[in-house]
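Undergrad: Protein chains in written order, with this note's numbering: chain A, 34 to 340; chain B, 12 to 515; chain C, 6 to 307.
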Amino acid sequence: MKPRKTRNRQTTYQLQLWLMALPCILLVFLFNYVPMGGIILAFKDYSFSDGIFNSAWIGFDNFKFFFQSGVAWTLIYNTVFLNFLFIVSVTFFSILVALFLNEIFKWRIAKLFQSVLFFPHFISWIIVGYFSYSFLNADNGFLNVVLGYWGLAPVNWYASPEYWPLIMTVISIWKGLGYFSIIYLAGMVSINPELYEAARLDGGTKLDEMFRITLPMITPLIYINLFFALGRIFYANFDFFNNVVKNNGLIMSTTDVIDTYVMRSILVTGDFNMAAAVGLFQGVCGFILIVGSNWLVRRMDNENALF
Amino acid sequence: MKNLLAVLIIITFAVASFAQSVAGLPTIKFYFVATNATPDDVTLVQDKINSLVAKKVGANIELHPLSFSEITTKIPLLLKTGDDADIVTVSQFDPYISLYQTGGLLALDDLLPKVASNLYKLYDPIIWNAAKIKGRIYAVPSYSPSVSYPGIWTSKARLDKYKFDWSKVKKWEDYEPYFDAILANEPGVTPILSTDEYWGRIWFPNYYGFEGVGGVKSPKGQDLAVVDAVKGKSDVFAAPFTREYEANVTLMRKWFNKGYVKKNPPTEMEMNNLRSTGKMAAFLIPFAGEWDTTGMGQAEWGGAVIPQGKMAGHPTIRNISVGTGLAINKASKNPEQALKFIQESYTNSDVQNLLAWGIEGVHWQWKDKSKKIIAFVDGKTVENTGYYPNASDQFRTTINKLSYYRSEGDLLTDQRVADSIKSNSVVSPIFGFVPDMASVKTAMANVANVAAQYGDPLEKGLVDPQDPKIGLAVFRAKLKEAGIDTILAELQKQINAWKAENKK
Amino acid sequence: MYEEWITKMPSSRSQSGGAVTWISIGVLVPICILSVLPIWILIISSVASTESLASFGFQIFPSEFSWEAYRKIFAQPDFIVRSYSVSIAVTVAGTLAGVAASALFAYVISRQNFGGSNFLSFFLFFTLLFNGGTLSSYLLISNFLHWKNNLLSLIVPLLISPFNVLLLRSYFRTIPLSLIESARIDGASEFRTFRSIVLPLSMPAVLTVGLFTMLMYWNDMTQALLYIDQQYLYPLQYLLYKLTFNQSIIPQSGEQYTGTIASPLALRMGMATIALIPIFFSFLAVQKHFVRGIMLGGIKGD
Chain A
34 MKPRKTRNRQ TTYQLQLWLM ALPCILLVFL FNYVPMGGII LAFKDYSFSD
84 GIFNSAWIGF DNFKFFFQSG VAWTLIYNTV FLNFLFIVSV TFFSILVALF
134 LNEIFKWRIA KLFQSVLFFP HFISWIIVGY FSYSFLNADN GFLNVVLGYW
184 GLAPVNWYAS PEYWPLIMTV ISIWKGLGYF SIIYLAGMVS INPELYEAAR
234 LDGGTKLDEM FRITLPMITP LIYINLFFAL GRIFYANFDF FNNVVKNNGL
284 IMSTTDVIDT YVMRSILVTG DFNMAAAVGL FQGVCGFILI VGSNWLVRRM
334 DNENALF
Chain B
12 MKNLLAVLII ITFAVASFAQ SVAGLPTIKF YFVATNATPD DVTLVQDKIN
62 SLVAKKVGAN IELHPLSFSE ITTKIPLLLK TGDDADIVTV SQFDPYISLY
112 QTGGLLALDD LLPKVASNLY KLYDPIIWNA AKIKGRIYAV PSYSPSVSYP
162 GIWTSKARLD KYKFDWSKVK KWEDYEPYFD AILANEPGVT PILSTDEYWG
212 RIWFPNYYGF EGVGGVKSPK GQDLAVVDAV KGKSDVFAAP FTREYEANVT
262 LMRKWFNKGY VKKNPPTEME MNNLRSTGKM AAFLIPFAGE WDTTGMGQAE
312 WGGAVIPQGK MAGHPTIRNI SVGTGLAINK ASKNPEQALK FIQESYTNSD
362 VQNLLAWGIE GVHWQWKDKS KKIIAFVDGK TVENTGYYPN ASDQFRTTIN
412 KLSYYRSEGD LLTDQRVADS IKSNSVVSPI FGFVPDMASV KTAMANVANV
462 AAQYGDPLEK GLVDPQDPKI GLAVFRAKLK EAGIDTILAE LQKQINAWKA
512 ENKK
Chain C
6 MYEEWITKMP SSRSQSGGAV TWISIGVLVP ICILSVLPIW ILIISSVAST
56 ESLASFGFQI FPSEFSWEAY RKIFAQPDFI VRSYSVSIAV TVAGTLAGVA
106 ASALFAYVIS RQNFGGSNFL SFFLFFTLLF NGGTLSSYLL ISNFLHWKNN
156 LLSLIVPLLI SPFNVLLLRS YFRTIPLSLI ESARIDGASE FRTFRSIVLP
206 LSMPAVLTVG LFTMLMYWND MTQALLYIDQ QYLYPLQYLL YKLTFNQSII
256 PQSGEQYTGT IASPLALRMG MATIALIPIF FSFLAVQKHF VRGIMLGGIK
306 GD
């Protein structure tokens with residue numbers, strides 16, 4: 034009698050869970066999966082009169098402009114490399130900041146710091162562009178003025194491609210610090226204080242606490258952030274690059290990314306299918322990367338795999 | 012009780028007589044661009060227009076003004092998805108070719124003579140031909156002859172201060188004394204205006220008598236594939252390979268080194284700031300014209316008086332292309348009525364001026380009725396007058412002179428344009444030719460990016476043309492790699508075919 | 006109501022580590038200054054005069070002040086007020102509905118013994134990688150659903166953010182299994198367990214996600230750009246964007262153009278400042294509930 038009852042109860046619970054997930058499933062299906070049919074446009078020459086399904090199939094034609102450009106490799110490298118720099122440095126610094134905030138959390142001032150750190154997130158990239166220009170420009174930019182005080186020669190930043198990975202990374206950290214440190218802090222704050230008590234009773238130092246308790250408890254969050262970054266590593270943050278780098282040909286060798294190249298092509302040719310094509314490429318690359326890393330993570334640390 | 016009933020009935024009739032639409036007629040939706048258009052005022056204008064011509068057209072018009080910020084996104088989307096829209100505007104924000112490529116424009120050839128013969132007769136065949144893509148007409152062009160000269164916009168006060176006579180200038184070097192004077196006497200002021208987008212260059216095809224074909228350029232640049240229009244030749248070539256281009260970028264570099272331009276061009280917003288406070292002195296442009304600059308001076312130059320500083324000896328190249336106009340959505344359910352409405356706009360003075368300026372007494376009043384000059388209603392300005400599209404070109408052509416004028420200056424413009432055309436213009440050797448770039452889109456995309464990376468910095472003087480890594484030689488090599496020759500060949504092929512067809 | 010299962014106890018972090026505390030403050034203060042400074046400059050620039058902006062650029066304290074930017078923005082105040090209320094309505098509705106749906110879903114996929122958890126996680130994550138493009142979404146929302154000029158188009162498509170959902174999943178997974186088991190023994194349904202145990206214990210996480218969602222809705226402009234034509238339905242960000250954009254188009258309006266011109270730069274800053282105000286306040290409100298972990302009474306030897 035008992036096994037059947039348990040099995041029925043189990044099924045009830047499973048059903049309840051599916052029911053709870055239903056709203057979200059429907060929303061995602063309708064608004065994300067249904068429009069995915071548009072991906073087919075990557076291979077077509079879309080014309081409204083023919084509609085999506087009857088427009089001419091042109092195979093890989095839409096991909097040609099990108100792969101025959103001679104700079105495809107540079108663009109891919111720039112995109113991936115810069116994104117990698119961004120995510121590694123932002124993660125590192127935001128965990129650090131979250132640890133510090135965690136230390137002083139009992140004081141009201143921690144909440145103030147937390148709020149203040151979040152401010153850069155509110156500033157749109159357009160305004161970040163204005164600020165970075167006023168900071169970096171060679172005519173009367175703040176940075177060159179400061180260098181002058183220290184007796185150093187001014188640099189024409191907007192004409193020196195070699196500095197820009199660093200510049201972009203610094204800006205990225207400044208903008209994302211508040212956002213990500215809140216995520217990690219929320220995790221740290223939820224840690225059962227009893228664990229810390231136990232560690233202290235065992236004679237552990239602060240460093241021990243950090244490495245043995247705090248960090249392991251937020252590891253799942255780190256994994257999620259990294260997975261997301263990995264899946265999107267072939268997509269550059271268009272607003273960021275468009276507003277901070279702008280149309281500056283001189284620094285394009287290190288800052289031109291896939292998305293800005295595609296946007297330029299669309300502006301001149303008016304052909305949006307090119308975006309669909311390259312977008313598909315970016316998605317496929319991200320997909321392979323995710324499936325591969327998920328498999329790796331599953332082997333190492335089953336708990337934290339994405340799926 | 013009976014009195015009350017009577018009153019109610021009268022009120023109902025009164026309300027009904029002000030009713031918005033003439034009952035029983037379909038509605039056509041008109042999407043156009045407007046600076047200022049509050050919903051209530053739009054309804055007023057719409058109702059007035061319908062009361063005048065709804066029966067004649069056979070449909071009620073529904074006005075949908077779009078702001079400049081939305082127009083680039085919305086109209087192509089409407090056309091591409093066959094959405095609910097009947098008439099759409101063609102403008103510099105949504106060029107004719109781009110809208111055609113959405114596949115959403117209706118061909119008007121058959122409808123025009125049948126349904127809108129007055130409109131059809133308004134233009135010579137040559138103008139209709141210029142609106143043809145692959146042999147069919149897809150838009151009603153707003154034909155308004157104008158002129159474009161290379162030149163300078165700078166404040167008259169400064170010109171007078173340094174006693175610089177802009178009318179004597181024939182070449183770019185002739186401006187140098189003016190710029191030197193500014194550098195010497197006004198520290199903190201940059202002589203030449205530049206932005207991170209279009210401006211800060213002196214490479215304009217029309218300076219050399221060249222005319223751009225095919226729109227081959229970086230997104231924020233000037234045409235690179237040109238014909239030598241002033242010499243009347245229709246051979247297409249790539250300007251960066253010419254001696255003229257080399258001389259041009261070398262000169263710009265020299266000017267950069269002298270300090271005429273900022274080392275790093277600012278954004279559009281920051282440039283606006285600098286220009287309106289006089290910290291950027293001169294704007295070098297390819298489109299000095301004949302129109303009244305009072306408004307521009309107030310809006311952009313902090314109120315300064317700005318003459319149209321045209322260079323001497325550079326004729327304007329006359330060509331016809333559909334820059335502005337009106338087109339009909341392929342998915343429209345009432346195309347005939349839509350075309351009839353367009354005809355009303357172009358041939359009916361009342362309708363045209365209602366669309367362009369609003370209602371008399373509400374949005375404007377007469378300043379000089381005999382000359383057809385209008386002004387804002389007392390106490391109203393650009394910001395709070397409810398209806399001010401500021402884009403009257405869409406609704407008209409200047410040939411039949413139906414439109415009212417905003418100022419005395421505007422009235423004189425037409426005459427000045429006519430004089431200019433007579434005295435200093437050349438007819439383009441490819442007058443009316445419309446290229447089809449679809450087959451070379453790969454090369455176009457690659458050339459655009461090469462031009463953005465190497466060409467724009469060269470043209471703005473940010474790079475030394477002799478630089479071994481990013482100079483002119485490298486730019487030329489990259490252009491070839493990107494396939495500029497393919498583009499030139501295709502353009503030439505199309506031009507030759509077009510010439511043969513038109514027996515020029 | 007959840008007191009049956011957990012008890013709130015005052016948090017007791019250690020008293021040790023004075024040095025670490027000072028290091029923390031030492032590092033955080035400069036970083037905070039760097040974060041605050043740009044916002045300060047942004048707000049103060051909105052009241053800087055065109056002249057001072059042109060001559061000196063962005064300053065911490067402008068040499069000259071001017072209210073012109075705000076005068077321009079509020080020239081037609083009924084629009085601003087109207088769009089404020091539209092934005093608030095959309096944000097509140099979207100945040101509540103979005104967080105609810107996301108949290109439910111995240112709870113479901115966080116349950117280890119749920120058969121579909123891997124599949125649904127993948128189902129969700131896949132949408133991050135591939136996108137059908139604006140055209141398909143437009144066809145769906147405008148032609149198929151007919152949500153043009155309907156506030157639903159601003160709310161519904163954005164309800165679910167995969168990032169937020171998976172974040173919540175991670176947070177939910179840290180809840181000790183024993184708690185959930187005990188609720189099960191008491192005969193609670195999955196929903197009850199979620200509502201009464203998991204949710205209260207995850208307040209910091211849910212609040213964080215709520216905050217992110219709220220910010221997303223408040224700042225969103227693309228949905229309005231695509232689907233709203235009617236001015237009275239414009240959300241705030243979009244109205245301000247339109248205002249600034251219009252300013253930068255050459256008016257060419259002849260002699261009647263009266264009034265001083267606000268610096269477009271100051272105008273942009275003013276627009277950003279106005280949009281920020283509600284965010285600050287709601288942020289402070291959320292902060293109040295962002296409290297240190299709730300002590301779990303009655304569960305020992307975990």
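Note that beta-carbon positions come from the ideal geometry of N, C-alpha and C, so glycine has one too.
#1: Indicate whether at least one CB of chain A lies closer than 8 angstroms to the CB of residue 287/C.
#2: Any contact of the stretch 237-246 of chain B with the stretch 425-443 of chain B, i.e. 3+ C-beta pairs under 8 angstroms?
#3: What's the C-alpha gap between residue 46/B and residue 55/B?
#4: Output the distance between the C-alpha atoms of residue 232/B and residue 155/C, rounded to the nearest integer angstrom.
#5: Tell whether a beta-carbon distance below 8 angstroms holds between residue 214/C and residue 173/C.
#6: Considering only C-alpha positions, which residue in the set 146/B, 139/B, 130/B is nearest to residue 332/B?
#7: Residue 476/B and residue 255/B - do their beta-carbons sit closer together than 8 angstroms?
#8: Quick check on the DSSP output: the beta strand (DSSP E) that includes residue 377/B runs from which residue to which?
#9: Would you identify the three-state DSSP class for residue 102/B, choosing helix, strand or coil?
#10: Check for me: the beta strand (DSSP E) holding residue 436/B runs from which residue to which?
#11: Identify, in the order they occur along the chain, each residue of the same chain with its Cβ nearer than 7 angstroms to the Cβ of residue 424/B, setting aside the five sequence neighbours on each side.
#12: Among 63/A, 46/A, 73/A, which one has its Cα closest to the Cα of residue 313/A?
#13: What is the DSSP secondary structure of residue 223/B, counted as helix, strand or coil?
#14: Which chain C residues are close to residue 322/B, counting only those with a beta carbon under 9 angstroms from its beta carbon?
#15: To the nearest angstrom, how far is it from the Cα of residue 81/C to the Cα of residue 395/B?
#16: Determine the extent of the beta strand (DSSP E) in which residue 266/B is found, giving its start and end residues.
#17: Return the CA-CA distance between residue 302/C and residue 226/A, expressed in angstroms with no decimal places.
#18: Mapping the DSSP letters down to three states, classify residue 239/B as helix, strand or coil.
#19: Whole angstroms are fine: how far does the CA of residue 271/C sit from the CA of residue 245/A?
#20: Looking only at its chain, what residues have a beta carbon closer than 7 angstroms to the beta carbon of residue 88/C, apart from the 5 residues adjacent to it on each side?
#21: Note down, in chain order, each residue of its chain lying with its Cβ closer than 7 angstroms to the Cβ of residue 170/B, except the 5 sequence neighbours on either side.
#22: Check distances from the C-beta atoms of the stretch 164-185 of chain A to those of chain C and list, in chain order, the residues that come in under 8 angstroms.
#23: Taking Cβ-Cβ distances shorter than 8 angstroms, what residues in chain A pair up with residue 119/C?
#24: Can you confirm whether the stretch 64-72 of chain C touches the stretch 36-56 of chain C when touching is taken to mean that 3 or more C-beta pairs between the two stretches lie within less than 8 angstroms?
#25: Ordered along the chain, which non-local residues of its own chain (more than five positions away) have a Cβ less than 6 angstroms from that of residue 119/B?
#26: Give the secondary structure of residue 164/B by DSSP, where H, G and I count as helix, E and B as strand, and everything else as coil.
#27: Which residue comes first and which comes last in the beta strand (DSSP E) that contains residue 67/C?
#28: Report yes or no: is there a C-beta of chain C within less than 8 angstroms of the C-beta of residue 156/B?
#29: With 8 angstroms set as the bound, which would you pick, yes or no: does the beta-carbon of residue 224/B sit closer than that to a beta-carbon of chain A?
#30: Does the beta carbon of residue 239/A come closer than 8 angstroms to any beta carbon on chain B?
#31: Buried or exposed for residue 296/B, please, with buried defined as at least 16 other CB atoms from any protein chain shown within 10 angstroms of its CB.
#32: Using the C-alpha atoms, what's the distance from residue 312/B back to residue 261/C?
#33: State the Cα-Cα distance for the pair residue 221/A and residue 133/A, rounded to the nearest angstrom.
#34: For residue 155/B, which residues from the same chain have a beta carbon less than 7 angstroms from its beta carbon, with the 5 sequence-adjacent residues on both sides left out?
#35: Out of 124/C, 180/C, 93/C, 274/C, which one is the CA nearest neighbour of residue 218/C?
#36: State the beta-bridge partners of residue 121/B as determined by DSSP.
TA: Reading from the atomic positions:
#1: no
#2: yes
#3: The straight-line gap from Cα to Cα measures roughly 17 angstroms.
#4: 39 angstroms
#5: yes
#6: 139/B
#7: no
#8: 376-379
#9: Of the three classes helix, strand and coil, the one that applies to residue 102/B here is coil, per DSSP.
#10: 436-438
#11: Closer than 7 angstroms at Cβ, skipping near neighbours: 301, 302, 303.
#12: Checked all of 63/A, 46/A, 73/A; the closest Cα to residue 313/A is 73/A.
#13: strand
#14: The contacting residues do not exist; residue 322/B stays about 21 angstroms from chain C at best.
#15: Those two C-alpha atoms are separated by around 7 angstroms.
#16: No beta strand (DSSP E) contains residue 266/B, which is instead part of the alpha helix (DSSP H) from 254-269.
#17: Residue placement at residue 302/C cannot be trusted, given a pLDDT of 37 that sits under 50; the coordinates are not used to answer.
#18: strand
#19: 50 angstroms
#20: 239, 240, 241, 244
#21: 177
#22: Listed by position, the residues of the stretch 164-185 of chain A near chain C (Cβ gap below 8 angstroms) are 164, 167, 173.
#23: 47, 50
#24: yes
#25: 148
#26: strand
#27: Where residue 67/C is concerned, there is no enclosing beta strand (DSSP E), given that its DSSP letter is neither H nor E.
#28: Closer than 8 angstroms: no.
#29: Residue-level contact check: residue 224/B does not touch chain A, since none of the beta carbons of chain A fall below 8 angstroms from its beta carbon.
#30: Closer than 8 angstroms: no.
#31: Label assigned to residue 296/B: buried.
#32: Per-residue confidence for residue 261/C stands at a pLDDT of 39, beneath the threshold of 50, marking its modelled position as unreliable; no derived number is given.
#33: 11 angstroms
#34: Same-chain partners within the cutoff: 404, 408, 409.
#35: When only C-alpha atoms are compared, the closest one is 93/C.
#36: Answer by DSSP bridge pairing: none, since residue 121/B is not bridged.
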